[in-house]
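Here's the structure we're looking at; comments come further down.
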Amino acid sequence: MPVEVDIILATYNGGKYLDEQLESIFEQDFHNYRILIRDDGSTDGTLDILSKWKGLNPQKIEIIEDGLGNLGPTGNFNQLMSVSTAPYICFCDQDDKWLPNKLSSQITFIQSLEEKHPHTGLMIFSDLIMCDDEMNVICPSLIEKDRLNTKALGAHQLLMQNVPYGCTTLINRKLLAIVSPIDSRALLHDHWIAVVASLLGGLHYQDEVLIYHRIHENNASRAESEHRKESKKDLKSIINNDNFHNYLTKQVYQAEAILEKYEQHLTDSQQNMLKDFILLKSTSGFKRKWIIVKNKFFKNTIYNTFKLIIRA
21 MPVEVDIILA TYNGGKYLDE QLESIFEQDF HNYRILIRDD GSTDGTLDIL SKWKGLNPQK
81 IEIIEDGLGN LGPTGNFNQL MSVSTAPYIC FCDQDDKWLP NKLSSQITFI QSLEEKHPHT
141 GLMIFSDLIM CDDEMNVICP SLIEKDRLNT KALGAHQLLM QNVPYGCTTL INRKLLAIVS
201 PIDSRALLHD HWIAVVASLL GGLHYQDEVL IYHRIHENNA SRAESEHRKE SKKDLKSIIN
261 NDNFHNYLTK QVYQAEAILE KYEQHLTDSQ QNMLKDFILL KSTSGFKRKW IIVKNKFFKN
321 TIYNTFKLII RA
């Protein structure tokens, strides 16, 4: 039977938690999958752990050795996406733990969407449980904790604040063909895929909690990213614009890359929206604020949107 899902796992110095994640994958109630793994130059025991699991499950695990060295999280996922051949692609973090029904639930959900949209590239994402490094629950719903609006999935909204977490996402091959390769100017692979899916495919929230997401000092995830730091609600953060402007510049670079790659496939209104977003870098004062308001380049909460407009 052909493999139905490629689980792409990008590893880097994940030896402390990798066994638990791989064990949770092999405990899935859905079994028609393959795990594609590429290590990004680990210096801990990650490679030994991968070798052990590969020896135990040679038919299920494929380790990609391309000699390209350290590429960073997005580059690592890019390489894995390029070798995937399955109808569905699931993104996996090395330090999480999946609930046993994660794959079966997501496959059922995306296939129900494909019945309605058979020619569409689709991305789905779910909620997650946030835990500390010892798997003690910090919050039972990250969507609720971060007050993410799972209906704010238009490109104009996602450009300013991404909603899906990559570790909860699954895409179909039609979308993979559109989004890859991911440009080096992408903020993160999940952010790029979400924006492109909203422009040229379909992006849907699955209202289920399907993984335990571990937060620790070595996270490469958005939970500890510049975006998360930028969103802190303290007076110093509101007054100091350095983080805001640095992050906005990176957001604009990503928008430029998307416009360059997909311009001929976008509607006039989509092109104009992206061009307006790109103008945020070269404008200031009232003009920048007007561009934000006119295009509704808003964040997920009224507070953060107000803070955004004040800083702009």
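Numbering (this note's numbering) for the sequence shown: 21 to 332. The beta carbon of each residue, even a glycine, is placed where N, CA and C say it ideally should be.
Other residues of its chain near residue i: CB distance less than 7 Å, five sequence neighbours each side excluded
i: residue 39; result: 69
i: residue 66; result: 31, 33, 34, 35, 38 and 59
i: residue 186; result: 111, 208, 209 and 210
i: residue 42; result: 73
i: residue 8; result: For the chain, the structure presents residues 21 to 332; residue 8 sits outside this window and is missing.
i: residue 215; result: 175, 178, 179 and 278
i: residue 281; result: 203
i: residue 100; result: 28, 30, 56, 58 and 84
Residue i at chain C interface by Cβ criterion, 8 Å
i: residue 310; result: Note that chain C does not occur in the displayed structure, where there is just one protein chain.
Same chain only: Cβ atoms within 8 Å of residue i, ignoring 5 sequence neighbours per side
i: residue 23; result: 52, 53, 54, 105 and 106
i: residue 290; result: 175 and 219
i: residue 152; result: 158, 234, 235 and 236
i: residue 268; result: 300 and 301
i: residue 46; result: 77 and 80
Buried or exposed by the 16-neighbour rule on C-beta atoms within 10 Å, applied to residue i
i: residue 58; result: buried
i: residue 330; result: exposed
i: residue 103; result: exposed
i: residue 148; result: buried
i: residue 115; result: buried
i: residue 171; result: exposed
i: residue 191; result: buried
i: residue 87; result: exposed
i: residue 98; result: buried
i: residue 81; result: buried
i: residue 89; result: exposed
i: residue 230; result: buried
i: residue 243; result: Low per-residue confidence applies at residue 243: pLDDT is 47, beneath 50, and the placement is therefore not dependable enough to give any value.
i: residue 199; result: buried
i: residue 155; result: exposed
i: residue 313; result: exposed
i: residue 141; result: buried
DSSP state of residue i mapped onto helix, strand, coil
i: residue 149; result: strand
i: residue 47; result: coil
i: residue 139; result: coil
i: residue 228; result: strand
i: residue 236; result: coil
i: residue 75; result: helix
i: residue 214; result: helix
i: residue 197; result: helix
i: residue 37; result: coil
i: residue 93; result: helix
i: residue 206; result: coil
i: residue 179; result: coil
i: residue 318; result: coil
i: residue 301; result: coil
i: residue 296; result: helix
i: residue 168; result: coil
i: residue 277; result: helix
Close-in-space but distant-in-sequence residues of the same chain around residue i (CB under 6 Å, 5 per side omitted)
i: residue 27; result: 53, 55, 110 and 112
i: residue 296; result: 311 and 315
i: residue 50; result: 123 and 124
i: residue 277; result: 203 and 205
i: residue 245; result: Confidence in residue 245 is poor, its pLDDT being 47 and thus under 50, which makes the residue's placement unreliable; the coordinate value appears in the next sentence. Result list for residue 245: empty, nothing under 6 Å.
i: residue 318; result: 325
i: residue 274; result: 205, 206 and 207
Residues that DSSP places opposite residue i in a beta bridge
i: residue 108; result: 25 and 192
i: residue 59; result: 31
i: residue 117; result: 232
i: residue 223; result: 143
i: residue 54; result: 26
i: residue 159; result: 150
i: residue 81; result: 55
Three-pair Cβ contact test at 8 Å for the segment 185-202 versus the segment 216-226: yes
Meets three-Cβ-pair contact criterion under 8 Å: the segment 204-213 and the segment 90-109: yes
Validate contact between the segment 163-174 and the segment 118-125 using beta carbons, cut 8 Å, 3 pairs: no
contact_flag[the segment 132-145, the segment 68-86] where n(CB pairs < 8 Å) is 3 or more: no
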